[in-house]
Every structure is written in C-alpha cells, then in structure tokens.
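The sequence shown begins at 616 in my numbering and counts up one residue at a time. Please read the structure below before turning to the comments.
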Amino acid sequence: MWIKICGITRPEDAILVDAAGADAMGLIFSSRSSRTLSVDRASEIALAAGKRLEKVGVFTETDWEKIGEVVDRVEIDLIQWHGGPLGREEYGRLSSFGVPWMHVVRWDGRAPLDAPHGAFRLLVEGRSEKGLGGTGEGWNYAALSEVKWPLPLVLSGGLSPDSVGLALDSLGGCRPFGVDVSSGVESRPGVKEEGRIRAFVENVRSREVRA
C-alpha cells in the first residue's frame, strides 16, 4: 500500500520519512496552508530526501506558471490538486505538466465519487470547516465501502498511528491504493515526529500482511 506523509516543511523530516519506508512525501504550495513552502525551500527538502521517495506537489490555486516552476525545479513526481472544482480546460492544464495528477474529493459520505477527466488517482477526505488538509479530523471511512471507486483511491483525513488500522479495517474487503497522513504524525504543526512516522508505516504494513 502506498504511504504518503504530507506537509513536510524540513529537510530532516524528509530524511525521516524516507528512512521509515514511506513511499511519498507531500510538499504544499498554497497560501491557505500553514505548511506552505517556497520553491527554494521545497528544492532543499527534495534534495535531502533523495531519489527513492516520491515528491507530491500540493496545489490549491491555478497559478499555472508557479505549478510549472515547482514541477521543474523540485522535480515533482505527482501533482495533487487540492483546490475546488475546475472546468474541463483547466483540468486539461493539470495534465500538461508531464507528470500525473491526483484529485482531492472532500466527501460528504453520500454522493457518488466522481473523477475529473485526466485524473490519475482520487484522494478522499471528509468535509471539514477547518480548512485545507492537516486538520486531524476523522470521518466515516466505512461509507466508502458502499460506493464505486472510479480510480485508485487514497484514504486521508484524521489518520494517525492509532487510527489508521481501524480505518482500513472499517472498509471491509475494499482496499485503497494508499493512505495519506499529515498532522497525525506531528509533534506540532509542520514538525514531524520520528516515532509516530515509524508507527504509522508499521501499522499500515501490518494490514498488508493480513490481507
């Protein structure tokens, strides 16, 4: 199962994520997030992480020039569109940067899951009034077992070392492509904790063995 640790703000945390055996790290480029990065800082973090760890660029604004600069300079492997719905032409722009992109759905637990044209994966989180990701709010993960998944699905929202196993178990026989965590492995906003990262990864991997 693909494991992404999001909201990386320090090179030393990228090294911890890599050493713990996660698959990807999220680098945020959004004026709406306290974990947002400059391109220079993100490049420094990416360099520290090395080549194995996938670099996911998280965006909420349609500043196409900025997205292109980040993809090129930081060597982003995957774009995560965490903003609102776009038009077909704008979704096409997301597909023009030479890397796949993942669409975020803030799900109400009832509506069908839809995938915009061109999306590579869906990241699904619960609706929250607290803002963009990293809120620590859990939701009714089990409801996902009742709907069709149009694309490989990444489970997100309120996950932690303690809750991720229960969240995965609540899906019954359904297995997501991956999981995403941010605040659940932090000691304070933007600062990751090694023990919590390792415990999160171990708890996810243990579910793989059982499956």
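Glycine included, every Cβ here is placed at the ideal spot set by N, Cα and C. A quick note: this is a predicted structure, and the numbers were derived from the prediction, not measured.
Note on geometry: alpha-carbon atoms of G753 and A639 lie some 21 Å from one another.
S771 counts as buried, since at least 16 other C-beta atoms from the protein chains shown sit within 10 angstroms of its C-beta. Within the same chain, Cβ atoms closer than 6 Å to the Cβ of A814 are found at P776, the five residues on either side in sequence being excluded.
Membership of V796 in the beta strand (DSSP E) is indicated by the continuous run 793 to 796. Taking C-beta separations shorter than 7 Å and ignoring five residues to either side along the sequence, the partners of V654 in its chain run E684, V685, R688, V689, following chain order. In the DSSP assignment, W679 falls within the unbroken alpha helix (DSSP H) covering 679 to 689.
Assignment of L738 by DSSP, reduced to helix, strand and coil, places it in the strand class.
Judged by beta-carbon spacing, F792 lies beyond the 9 Å limit of R721, meaning their Cβ atoms are not closer than that value. A629 has its alpha-carbon roughly 26 Å from the corresponding atom of D678. A distance of 9 Å or more separates the beta carbons of A757 and R725.
Non-local beta-carbon contacts of E659 in its own chain, meaning distances under 7 Å to residues more than five positions away in sequence, involve P626 in chain order. In this structure, L631 keeps its C-beta atom at 9 Å or more from the C-beta atom of V671. For the pair E823 and A734, the Cα-to-Cα distance works out to about 26 Å. Note on K666: under 16 other CB atoms within 10 angstroms of its CB, so exposed under the neighbour-count rule. DSSP places R721 in the uninterrupted beta strand (DSSP E) bounded by 716 to 722. In the three-state scheme derived from DSSP, where H, G and I count as helix and E and B as strand, V654 is classed as helix.
Contact annotation: M717 and I682 have beta-carbon atoms that are not nearer than 9 Å. E740 is positioned such that its CB atom lies no closer than 9 Å to that of V762. F674 and L781 have their C-alpha atoms some 29 Å from each other.
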